[in-house]
Structures are given as C-alpha cells and as structure tokens.
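One structure is given below, encoded as structure tokens.
2 protein chains.
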Amino acid sequence: MAKDITLLWGSGSPPCWRIMIALEEKNLQGYNQKLLSFEKGEHKSKEVMDINPRGQLPSFKCGDKIINESCGVCFFLESKYKSQGTKLIPDCDAEQALMFQRVFEVNTFGDKMGMLVRRCRICLSFVLPCSDITVETTSGGFLAGKNFSLADVIVFPAIAYLYRFGLSEERYPKLTEYYKNLMNRPSIKATWPPTWKETPGQDILKDI
Amino acid sequence: MAKDITLLWGSGSPPCWRIMIALEEKNLQGYNQKLLSFEKGEHKSKEVMDINPRGQLPSFKCGDKIINESCGVCFFLESKYKSQGTKLIPDCDAEQALMFQRVFEVNTFGDKMGMLVRRCRICLSFVLPCSDITVETTSGGFLAGKNFSLADVIVFPAIAYLYRFGLSEERYPKLTEYYKNLMNRPSIKATWPPTWKETPGQDILKDI
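Chains as they are written, first to last, in UniProt numbering: chain L, 1 to 208; chain X, 1 to 208.
Quick look at the structure:
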C-alpha cells in the first residue's frame, strides 16, 4: 500500500520531516518520494503545483487523496493504518488529552518558531521555557506521557530545528534530554534531514 | 458525564465557540460553563489562570484533564464520546482526508484572519477566495463532503466571524450559502455568541 503514497519534500523542513517519521512508524517504507530543493525554487515546479496549488512542501498524495497539511497527513495515516506499526494515538484518556493539547499548540508554536529563527526576536523566546516545562511535566519520557505518540511525531522536528539553529543545550536541560533520547529512535534516524548531515548548523538562537 | 466538564469561555471567540458546538453535537449539554468578559479582563482572572496559565479563553477541563487548545478539545471529545451524538470523523477515506486538511489549514487561516480583522490588511485577503473555492469543491454541502464533521465544527466559527466583521455576502456566494445553511443547525443556533445577538456587527471587511 506504500506504493500508493507519494511525498514531495524538502530537507530540513519540520512539516516534511514529521510526515516521514509517521510513515516510518506506520511501517510504510517504500513509498514514492522525491527530495526537492527550496533553494532552486523547485517547490514552485509544476510537479508540486499539481498536488499543492500553494506551491509548498510537503505535497502528499495517498491514492487520489491529497493532503498538504503535515499534521493532517499524520492523523490520516494513523487513522488509515491504525493497526499497523506504532499506535500513535494513546488509549488512555489522560495521555490522549495531553497529546491533542501538544499537537495543536505546536501549530502556534511552529509559526512563532519560524519567526524566531528568521528574525531572532527575543520577545518570542517565551515559547522555549514553556517547552522546557512541558517536557518536565511528562514523566514518561515522551511529550504526552510514557508512549511515543502523534505529539512526538509532530513536535520533535520543530524542536530539532531549534537545536539546528543553535539553541543552547545547557539552558534547556529537559528539552535537550528529550531531544537526545529521540534522536536515536529508528524512525527519526532514518529520516534525519540529509542536508543537516552535510553542512554545519547556525548559531542564531544561541543567546535565547 | 457532562457534569465532569468545565468550560470558561468568551462570547464571539471562534475557539470558544467551536468547543461549544462540539459539546452540543456530542449531546453533552449540561456541562459547567461560565461566560467571561474579555473587555473586563476576566480571561486573566485566577479562575482562568488555574486551568490555563496563559490566561486565555477557552479554558477547558474534563475530569482532571486539561486541554486549552480548542481544536484539541474537539478531537478529544470526538474520541472520548465516539458513539454518542453526531459522528464527527467520517468513515470514508476521501472525506477523512479532506477533513484533516481543512482542520489544520484553518489553524493557519485563523491566525491570518485575526490579523485581517485587527489590521484589515488587504495583502491577506487571499485567504478568502481560497475558502470560497473550498466550499465549491465539496458537493455535499459540508466542508469535507456530505457529512457534518470536525472540519465544520472547527471552521464554521471562523467563517461566521468574518461575516460579523462585514464580509460581503455577494462577493463570496458559495461561502455565504454554506454560512447560511449552517446557521440553522441546532448546535450552532444553540451556541450563537450572545453578544452578537445584542450588538450590531462591523463593516471592517466590506471591501475585501
């Protein structure tokens, strides 16, 4: 069934990366995929526009169904392949509540984070201590408790992006612990942005 | 079970309203609720801060589980009360894909819409023709096809908010048709913002 799936993606984009993690977790390796270059403007190519008229990556198709919102894709994959691979929506009410909270709060956080990196505005730094508290309050090691869930699929790439841009490991010890633990998860290792392996990160965020 | 649920809300806030629609659709009338005034700064009161340290409405509790992200609450309610009231996640893959796309795109759209109303920036008006196309492409009368779904629960209040601020009914005929049809749905009538009934709207958006 992975043959029915097409993903056009860009390296280092948290929205693209979260879909790739979800595909790995649901054992959907072997899907059609193509790495495109933002720098060369390939996200505005006809190939992309045919799936995503906004000219954005990710562009995602499953059969004839198109979903271009990355969180939407993760939910769709979990729903369609519920009994396959990792269960990404916890059964327990408390973990589920926390999972839904984290997933939707990262949408807001994600927007702010983009601004943070682009403009490095200190006024937005409140999002970070808040994340650090978040990780602290879940004793299970994952964002919504003791199980890896959609919250981790969706939030982890955004956190990794902050470290890529120089976030201080010392200043956010809980967040750093979470980040380093998850780095070694097979789905995350398998999908680590190739351009991040080849080029050094930046230190834009080192002082926040 | 509705007795376990507490909602602190503000009149006319699309995030608050969508939770109230979801509660109606899931037959959870009789929950504890309190209308607070943004104007009087009641969203910064201790009562709110105890549930939502960001001092924002909605503030939502179900038993001891707190979720303050409005879309997260809607998903949680659908998951917890799956077999009660309206089924809000369609069974069919195609409708489900569209539903997830709409739900997550309104998060982005919602942010832009807020800015639109606050600053009336014409440069953001692209979100509207896009919504009009969206409604046109679903032949079933609802945002994700022929069934009322979480997409409608989550997006309708944002659309109503635009009309409240003067969006032209003539310029967006499909959107207007959708808006007028949904207005009469019992869950939406029952939760219509009380302040909107008492005071006239504004015409900030009349020219976009």
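Note that CB positions come from ideal geometry on N, CA and C, so glycine has one too.
Remember, it's a predicted structure, so these values are computed and weren't measured experimentally.
The UniProt domain "GST N-terminal" (3-85) of chain X contains, as complete beta strand (DSSP E) runs of 3+ residues, the segments 5-10, 32-36, 59-62 (chain order). Setting aside the 5 residues that flank it on each side, X:I188 is surrounded in the same chain by I21, F156, L182, each with a C-beta closer than 7 angstroms to its C-beta; the list follows chain order. When DSSP states are grouped into helix, strand and coil, L:F148 belongs to the coil group.
Scanning its chain for C-beta atoms nearer than 6 angstroms, with the 5 sequence neighbours on each side dropped, one finds around X:Q33 the residues L7, in chain order.
Take X:H43, set aside five residues on each side of it, and the residues of its chain with a beta-carbon closer than 7 angstroms to its own are G10, L36, G55, Q56, L57, in chain order. For L:K206, the closest C-alpha among the options L:P200, L:E169, L:P194 is that of L:E169. Against L:D93, the close residues of chain X are K65, K80, in the order they occur along the chain (beta-carbon pairs closer than 7 angstroms).
Judged by DSSP secondary structure, L:L182 falls within the alpha helix (DSSP H) whose first and last residues are 173-183. Secondary structure note for L:E198: its alpha helix (DSSP H) is the uninterrupted segment 194-198. Counting only residues of its own chain and dropping the five nearest sequence neighbours on each side, L:I154 has a CB closer than 7 angstroms to the CB of R18, C71, C74, V103, V106. Apart from sequence neighbours up to five positions away, the residues of its chain that approach X:Y179 with a beta-carbon distance below 7 angstroms are I159, A160, Y163, ordered along the chain. The contact set of L:E105 on chain X, defined by CB atoms closer than 9 angstroms, consists of N68, E69, G72 in chain order. Among the bridge pairs identified by DSSP, L:F142 is matched with L:G145.
By alpha-carbon distance to X:K26, the top candidate from X:N68, X:S83, X:Q101 is X:S83. Chain order gives no chain X residues near L:Q56, where near means a beta carbon separation below 9 angstroms; the closest approach is about 11 angstroms.
Around X:F75, the beta-carbon contacts reaching into chain L at under 7 angstroms are F100. By the criterion of a C-beta distance shorter than 8 angstroms, X:V48 is surrounded in its chain by L8, L36, E42, G55, Q56, L57, S59, once the five residues flanking it on both sides are discounted. In the three-state scheme derived from DSSP, where H, G and I count as helix and E and B as strand, X:S187 is classed as helix.
Note on X:A144: 16 or more other CB atoms within 10 angstroms of its CB, so buried under the neighbour-count rule.
Put simply, of L:A2, L:D50, L:P15, L:G12 the residue whose alpha carbon is nearest the alpha carbon of L:G30 is L:A2. Here the alpha carbon of X:A190 sits roughly 53 angstroms from the alpha carbon of L:G201. The C-alpha of X:N68 is placed about 10 angstroms away from the C-alpha of X:C16.
Taking the Cα of X:D4 as reference, the smallest distance to any Cα among X:P53, X:K65, X:E24 is reached at X:K65. Within chain L, the residues whose beta carbon sits less than 7 angstroms from that of X:Q96 are F76, S79, listed in sequence order. X:K46 and L:T86 have their C-alpha atoms some 40 angstroms from each other.
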